[in-house]
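Undergrad: A single structure is presented below for examination.
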Amino acid sequence: MKNYLAAGLAVVLAAGCAGVQEAPPSEMAQSAPVLVEPALGGPSQDRAVAAGPPAAGPRQPVMAGNEAVGIEPEAGALAPQTPTSKSPSAAKAARPLVESPARVSAAPPAVVQPRKIEDPPAVARNPEPPLDVAALKARLRDTNAIGVFTKLALKNQVDDLMQQFRTHHQSGQPSVASLRQPYDMLVLKVLSVVQDNDPALARTISASREAIWGILADPEKFNSIA
Amino acid sequence: MITRARFSALILSLAVLLAGPSPAAEDVTLLKDLTAVIMLLGMPCGQVVGAKQQAANDHIASCENGNRYRVYLNAAGRVVAQKQ
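Those protein sequences? They're chains A and B, same order as listed. Sequential numbering from 41 applies to the first sequence in our numbering. Sequential numbering from 411 applies to the second sequence in our numbering.
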């Protein structure tokens, strides 16, 4: 009887593990919309960099010299209290008040710290790594975010666009400007089918849009990948 | 008291129920795939709400707007959505 129980438990556990393989896509699909939306508007890094200056903007005027004007009234508000106190104990109590303007005047170095905070966004602007077209192709081929029919349809459309670029580089007939719209449309199509279940790939494609265009529009680079 | 035969049958039935993806999950994947294909090919459809397989790589897709498309892979290796 124990043998049957052990065998039965093993079968149930194995079956349970087989069922778990189907779970991740649905979980990814549920979490995808929240993660992908920033990628569609453009590279998230650009937004982070663009968001930096407005946050730092209000601080700079404060440090520019208006700060001293803002602190002096506080010192002045404390100073008038000293003449009103006449007793020795009140004079002792007044000493800290007299010293406090010095402390307030020593405060500005602490306010200078936000300048250090402004530096990291400049450091974060690392040069973009070179685009790895082969790796991007492999990721598109291997992703489970889209089905076989969709991959084939996308490949058909990519091949059609590549043929148009090939014709352009040979005869110059379709202008580069006229190819930009179909290129953008194709990128949007790819993003629309990938973004829900593979947001990381969608972000990579979105960030690589201009780099890919640069390769397609340049005859030498195009011939190197075609 | 559960006999050995009943216990074995119970285990087997559990294994059959839990092992492998359910047909419904496969259907959802296929419907999403067909929806994406029809969208990529620029056909009006919305969501594909039903699909019937005619052959390998050959399906009839029913759209939520009432349109029906035959989605198949032609001899040239192109995915085609043909309105029915």
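Think of the CB as a built atom: it goes at the ideal place given N, C-alpha and C, for glycine as much as any other residue.
Determine the burial state of residue 274 of chain A: buried for a count of at least 16 other Cβ atoms within 10 Å of its Cβ, exposed for fewer.
TA: The shown model of chain A, from 41 to 266, leaves out residue 274 of chain A, and the question about it has no answer.
Undergrad: Could you spell out where the alpha helix (DSSP H) holding residue 579 of chain B opens and where it closes?
TA: Chain B is shown only over 411 to 494; residue 579 of chain B falls outside these bounds and no answer can be derived.
Undergrad: How big is the Cα-Cα spacing for residue 221 of chain A and residue 465 of chain B?
TA: Cα-Cα distance, rounded: 36 Å.
Undergrad: At a Cβ threshold of 8 Å, is residue 488 of chain B touching chain A?
TA: Chain A contact via Cβ: present.
Undergrad: Just the chain B side, please: which residues come within less than 7 Å of residue 229 of chain A by C-beta, in chain order?
TA: The answer, in chain order, is 450.
Undergrad: Check whether the Cβ of residue 468 of chain B lies closer than 8 Å to any Cβ atom in chain A.
TA: Cβ-Cβ to chain A under 8 Å: no for residue 468 of chain B.
Undergrad: On the premise that residue 471 of chain B lies in contact with residue 444 of chain B, defined as a C-beta separation below 8 Å, what is that separation, rounded to the nearest angstrom?
TA: That pair is a contact at about 4 Å.
Undergrad: For residue 458 of chain B, which residues in chain A fall below 7 Å Cβ to Cβ?
TA: Chain A residues near residue 458 of chain B: none, gap ~11 Å exceeds 7 Å.
Undergrad: Tell me which residues share the same chain as residue 129 of chain A and place their Cβ nearer than 6 Å to its Cβ, disregarding the 5 neighbours each side in the sequence.
TA: Since pLDDT at residue 129 of chain A reaches only 47, below the 50 mark, its modelled position is unreliable, and no value is offered.
Undergrad: Candidates A:266, A:257 and A:261: which alpha carbon is nearest residue 217 of chain A's?
TA: Comparing Cα-Cα distances from residue 217 of chain A to each of A:266, A:257 and A:261, the minimum goes to A:257.
Undergrad: For residue 173 of chain A, I'd like the list of residues in its chain whose CB is within less than 8 Å of its CB, leaving aside the five on either flank, ordered along the chain.
TA: Cβ neighbours of residue 173 of chain A beyond the five flanking positions: 252, 255 and 265.
Undergrad: Just tell me which of A:263, A:229, A:207 and A:181 has its CA closest to the CA of residue 249 of chain A.
TA: Ranking A:263, A:229, A:207 and A:181 by Cα distance to residue 249 of chain A puts A:229 first.
Undergrad: Of all Cβ atoms in chain A, is any one closer than 8 Å to the Cβ of residue 446 of chain B?
TA: Yes, residue 446 of chain B lies at the interface with chain A (some Cβ there is under 8 Å from its Cβ).
Undergrad: Nearest-angstrom Cα distance between residue 64 of chain A and residue 185 of chain A?
TA: Residue confidence is low: residue 64 of chain A scores 44 on pLDDT, short of 50, so the model does not pin down where it sits. Its coordinate-derived value is still stated next. When rounded, the distance between both Cα atoms is 11 Å.
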